[in-house]
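Some notes on the structure that comes next.
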Amino acid sequence: MNRYRVSTAIIVVGALALLAASRLSAQIPADLSNSKIIVYSAEGDGGYRQTQKYAGVRDTMMKLRVLEKYSQFLAPVRFPYTLRLFASEDVGDCKGDGSSPYYASGVRWINMCYQFGADLPAMADDIVQRLASNRLPGFPRASREQIIMGLYAAVLMHETGHAIFDLLSVPVFGREEDAADEMAAYVAVHLNKDVARAVVLGFAYYWYGSGNPPTRPPKSIFKSDPNSKDEDAGKCFSDAICAFADMHGTSWQRMYNMLCIAYGSDHAAFQDLVDAGWLPKDRAAGCDDEYKRADFAFRQTVLPFVDVDLVNKVRSVQWFNPSDLK
Amino acid sequence: MLSCVGSALFAATANAQSAVIPDNPQLVTSYVRPQSPFSPFVPIYNGLMKRHVLEDLKQFFGPLRLPRTLVVQVSECGGATTKTYKPGGPVTICYELVDQIGKAAAEMAPNDQGQQDQIVNGAFVQAMLVELSHAIFDLLQVPIWGRESDAADRLAAFIMLQFGEDTAKTAIFNSAQLFLHSALTPDRIWTGTDFAKATSPEAQRMYEYMCIAVGGDEPSFGWVYNYMPKFRAGSCAEDYAKIEGAFNLRIMPYMDPNLLVQVRARRWLQ
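One line per chain: the protein sequences are A and B, in this order. Just so we're aligned, residue -10 is where the first sequence starts under the working numbering, counting upward by one. Just so we're aligned, residue 15 is where the second sequence starts under the working numbering, counting upward by one.
Written as structure tokens, this is what we have:
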């Protein structure tokens, strides 16, 4: 248990360098605030729900003021409805190991599950080992902390994408989960280059390591048992047809989508993804258009709600500790 | 297959009070003759022309006000089954695709010509609506979040549901069947860099159409729940509501409401 708590805390410390104003960071402007984004406190917990199993994570998040700082990071978005931020182990969809942060439209909150990241060290270690042993020849290097931190930031921005679509009534014609990924990618590439790479690589490496649907066709078409209370997930994801039923894209679809938006936004900054063969040239050829499409969508549907002066203030803050980006 | 493609999309049934729906003046249609008189696509070309498929299309899209002319054509595509729409360019349905659909339908229902006809009807409608969706997004400058290919599928599915349960069942059910048939083909298994494609796997598209269908019309498509995992089925109503909301905000303002009623009053796909 102690080892678990310590390792989780390490993850969180690394991940939350994104948001922590360390001694090397610029001062966060005092007027970087938004009354429609609140840290949702209950019973005096300051937004950080009580937990025994993840006490180390909670303590670290509180010390780093993650919720408070994320609310400041989002301050430029003039939400017409209040968005609540909090962290928990067992509220709503934070249930059991592997839970990840989520946005709930019915209650308009982002719940940052403490347990997110429990698996991240092993995944990050695996990627770092593969890179070190040249099993991913030519793939861009990324540190353990970059992978963990970038992924955490990407997930938060993905969930914020859902919040934006909901609270700003953004028309979404595509699959919303892809759209939320796209929002995360779009926001990331508009931060400074180091942050953008961390987020893109963290997200992409995570999905790289997550595997793909089974390839052997089933002998029969998937059938749901109406009498079963099971969500069918276990049975479905081992079925080569049903594995595509999720509202999320497959791991590698999400990976390539992220890489494509990044490359389309800035060839120079992400050329190595193509040169390494990670982003296939066939797909890369269309990435400029994909980025332009996302850019147009953002300008048409989100930008009118954005306080540009506050955006400039957000961009002036050194949210990352530079040593975490090496 | 040829005759049913002709009777496919837009062979509207006359009714006692059928009004004349004017052609959309901004849709310019063309049946492009195959280059060689011996082309295997000549019968498809002749069949489509004979049944006035594109003429009916101009009426079906009569209510849509476009800012400029759009060419819609059926044509040979040099062996490809799709020809990507490019801004300023035509919408093209390839004879190769029609041929492929027909062959697949024959495999799926080898002893049932009626069923084959239904499959071809549905799949042809689906293909046409998807390609037109790309053009609509372009011409109306619709902001697209998410992949455009999926957006086109979702808009096509939404449109299919607006013309009564018979049209919806023919178009969506048969399209879904064709996607499933393709997904089960051994050489169509997706691996590795296949997932880098900007289009979605057939199985994924099948679930997309089924989800929009049951989300928008549960009485007609409730059977879908038997074949869809619960974790997805629970989101379908919301999925439909999202595409409906997006349509109402960004496309409906370009529709002539009076003409739309007339188009919806006709029975299509009979």
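Here a beta-carbon is modelled for each residue, glycine too, at the ideal position from N, C-alpha and C.
- Per the C-alpha coordinates, the member of B/Ile107, B/Ala141, B/Trp159, B/Leu198 positioned closest to valine 88 of chain B is B/Ile107.
- Residue pairing by DSSP places asparagine 100 of chain A opposite A/Phe75, A/Tyr91 in a beta bridge.
- Annotation: the continuous beta strand (DSSP E) that includes isoleucine 27 of chain A extends over 26 to 28.
- Using beta-carbon distances, cysteine 231 of chain A counts as an interface residue toward chain B, with a partner under 8 angstroms.
- The CB of lysine 212 of chain A comes closer than 9 angstroms to the CB of Asn240, Tyr241 in chain B, given here in chain order.
- Taking 8 angstroms as the cut-off, the beta carbon of proline 65 of chain A is found closer than this to the beta carbon of valine 303 of chain A.
- For threonine 106 of chain B, there is no enclosing alpha helix (DSSP H); the residue is part of the beta strand (DSSP E) that begins and ends at 105 to 108.
- Comparing alpha carbon positions, the residue from B/Lys183, B/Tyr241, B/Ile150, B/Lys100 closest to arginine 264 of chain B is B/Ile150.
- With at least 16 other beta carbons inside 10 angstroms of its own, glutamate 171 of chain A counts as buried.
- For phenylalanine 209 of chain B, the closest C-alpha among the options A/Ala152, A/Ser240, A/Leu190, A/Pro160 is that of A/Ser240.
- Where threonine 204 of chain A is concerned, there is no enclosing alpha helix (DSSP H), because DSSP gives it neither an H nor an E.
- Around the beta carbon of tyrosine 141 of chain A, a 10 Å sphere encloses 16 or more other beta carbons of the protein chains shown; the residue is thus reported as buried.
- Classified as buried, phenylalanine 187 of chain B has 16 or more neighbouring CB atoms from the shown chains inside 10 Å of its CB.
- Using a C-beta cut-off of 8 angstroms, the stretch 152 to 165 of chain B makes contact with the stretch 164 to 179 of chain A, since at least three inter-stretch Cβ pairs fall below that distance.
- Restricting attention to B/Gln132, B/Pro57, B/Ser147, B/Leu111, the CA atom closest to the CA of leucine 78 of chain B is found in B/Ser147.
- Under the three-state reduction of DSSP output, threonine 199 of chain B falls in the coil class, being neither helix nor strand.
- Listed in chain order, the alpha helix (DSSP H) elements of length 4 or more contained wholly in the stretch 183 to 264 of chain A are 222 to 226, 240 to 254, 256 to 264.
- Taking 8 angstroms as the cut-off, the Cβ atoms of methionine 236 of chain A and serine 189 of chain B do not count as close.
- At least one C-beta of chain A is nearer than 8 angstroms to the C-beta of threonine 207 of chain B.
- When A/Cys249, A/Phe233, A/Asp82, A/Ser24 are compared, the shortest CA-CA separation from proline 69 of chain A is found for A/Ser24.
- For glutamine 218 of chain B, the chain A residues whose Cβ falls inside 7 angstroms of its Cβ are Phe233, in order along the chain.
- For isoleucine 257 of chain B, the residues of chain A that pass the 7 angstroms Cβ criterion are Phe162, in the order they occur in the chain.
- Listed in chain order, the non-local C-beta contacts of valine 28 of chain A below 8 angstroms within the same chain comprise Gly35, Gly36, Leu56, Glu57, Ser60, Arg73, Leu74, Phe75, local neighbours out to five positions each way being set aside.
- Under the three-state reduction of DSSP, methionine 242 of chain B is assigned to coil, being neither helix nor strand.
- Looking at the DSSP output, valine 34 of chain B bridges to nothing.
- Neighbours of serine 249 of chain B across chain A, judged by C-beta separation under 8 angstroms: Met236.
- In this structure, glycine 259 of chain B places its C-beta atom within 8 angstroms of the C-beta atom of proline 160 of chain A.
- Boundaries for leucine 21 of chain A: no beta strand (DSSP E) harbours it, and the DSSP string shows neither H nor E there.
- Not flagged as an interface residue toward chain B: phenylalanine 259 of chain A, since no C-beta distance is shorter than 8 angstroms.
- Nearest C-alpha to alanine 31 of chain A among A/Ala187, A/Gly163, A/Ser77: A/Ser77.
- Interface annotation, tryptophan 98 of chain A: not in contact with chain B, CB-CB separation never under 8 angstroms.
- Rounded to whole angstroms, the gap between the alpha carbons of tryptophan 282 of chain B and aspartate 277 of chain A is 39 angstroms.
- With respect to chain A, the C-beta atom of glutamate 162 of chain B has a partner C-beta closer than 8 angstroms.
- When B/His66, B/Val144, B/Asp180 are compared, the shortest CA-CA separation from alanine 170 of chain B is found for B/Val144.
- When Cβ-Cβ separations below 8 angstroms define contact, phenylalanine 68 of chain A makes no contact with chain B.
- The residue among A/Tyr43, A/Ser22, A/Gly81, A/Arg54 with its C-alpha nearest the C-alpha of threonine 71 of chain A is A/Ser22.
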